[in-house]
Amino acid sequence: MVNKELFEALRMFEKEKDIPMDYMLQQIQKAIEIACKSYYGGNENVVFKADPDKNSFDVKLVKTVVDEVMDPNFEVTLEEAAQINKRKKFEIGDEIEVPLDPKQLGRIAVSSARNVIRQGIRAGEKGQSLLEFQSKLGEIVTATIERVDAKSGVCTIKIGKSTAMLPKVEQVGLGVLQEGDLVKVYIADVKDNERGPHAIISRSHPGFVRRMFEKEVPEIFDGVVEIKSVSREAGSRTKMAVFSNNPDVDAIGACIGPKGARVNAIVSELGGEKIDIIEYNDDPQKYVSAALSPATVLKVDITDEEAKSCKATVPDDQLSLAIGNKGQNARLAARLTGWKIDIRPESGFYGEDEDDEAPAPETAEEAAEE
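Converting from the sequence shown to the working numbering requires adding 1346 to each position, the first position being numbered 1.
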């Protein structure tokens, strides 16, 4: 049976939706089997052959050759078999493929078939969206804004041929957005539930900053400089620890770039967010000391190595700088290093009692990198 329109529609669908023709032909076969089962008293033994090159397909229902027909849905006589296929000699018990015209199927059967095809299309679209999101997981992509909700500010964005939602709180560093604008977003996670696959996209995730530096700094992309840890309070400040695998390459200098060009490009993308770049060190005392920059740290004492707890001593006039506005600097340093940091002034103004200490507000358990 030639059906050029069907195959042209399938080719167009494949091009627009990225759903393979073979997959759709499988859904059509499944739909015909269900329709035959409904129309022919439970007989779903269907032979379906398609030739896209010739724009043709054949549908045949398998029946058994019998001496006397008891159920015409499953059986044919020898005489009927001889009329159906004149080239072959049949015997009782043989199976014969009886040509079918799908148009002859009843309305209920056709309706069931259509539902199966629609479900197949939805499943195919879901599968393609899931694959597309998963292939971009942990990466920065450039997306197009399709719609902006005037009340909530939530943006519907197009990623390839799939869509995702960018909440207002995740639009860090972006100004007033309009339909058609291009934005960079980070694919933080991919979920698949009864509503279908959807991507968790973000500009506040620490991974967004990490990937930005990987794109801007060739030494990071090549593996010469390694990003060891990132802690971030989106829209305000980021701390990043880097390490050079080549003693001739300055890790911090590579990230900053000539005249600050590299880091400034990222700061601009983030809408002016401050970025502190420090050098990673295996020695926790040196690492914690660097993490508390821009404050000067006089010394770091390990108080409980197993619990990853330490005490940092700073000059009296550096105490507020070490702790930061509302504790931000100490909090980010704790997240960056994974150590609980108690910050004390050199004069011992707070005394020696634990109640008088000025601890960083993060525990080691809470100090996850990302």
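Where a beta carbon is used, it is the ideal one built from N, C-alpha and C, also for glycine.
- The beta carbons of I1689 and L1667 sit no closer together than 8 Å.
- Counted as a single uninterrupted DSSP element, the alpha helix (DSSP H) harbouring A1676 occupies residues Q1674 to T1683.
- For I1438, no beta strand (DSSP E) segment is defined, and its DSSP state is neither H nor E.
- In the structure shown, F1420 falls within a coil segment according to DSSP collapsed to helix, strand and coil.
- When the Cα atoms are used, K1507 and K1350 turn out to be separated by approximately 27 Å.
- One Cα belongs to V1444, the other to K1530, and the distance between them is close to 58 Å.
- When the five nearest sequence neighbours on each side are left out, the beta carbons in the same chain lying within less than 6 Å of the beta carbon of G1499 are those of K1514, in order along the chain.
- Annotation: the continuous beta strand (DSSP E) that includes P1691 extends over K1686 to P1691.
- Remark: C-beta atoms of A1637 and K1585 approach each other more closely than 8 Å.
- In the DSSP assignment, T1410 forms a beta bridge with E1421 and E1441.
- With respect to N1591, E1572 sits close: the two C-beta atoms are nearer than 8 Å.
- Rounded to whole angstroms, the gap between the alpha carbons of G1606 and A1600 is 9 Å.
- By the Cβ neighbour-count rule, R1677 is buried, with 16 or more other Cβ atoms within 10 Å of its own.
- Residue pairing by DSSP puts M1511 in a beta bridge opposite T1502.
- I1486 and I1533 have their C-alpha atoms roughly 6 Å apart.
- A1637 carries a helical assignment under DSSP once its states are collapsed to helix, strand and coil.
- Across the structure, D1535 and S1550 are spaced so that their CA atoms are roughly 13 Å apart.
- Judged by DSSP secondary structure, A1489 falls within the beta strand (DSSP E) whose first and last residues are I1486 to V1494.
- If you draw a straight line from the Cα of E1516 to the Cα of V1576, it comes to about 18 Å.
- Around the CB of G1526, fewer than 16 other CB atoms lie within 10 Å, so the residue is classed as exposed.
- Under the three-state reduction of DSSP, L1446 is assigned to strand.
- Sequence-distant partners of K1383 (beyond 5 residues in either direction) whose C-beta falls short of 8 Å from its own C-beta, in its chain, are N1389 and E1390.
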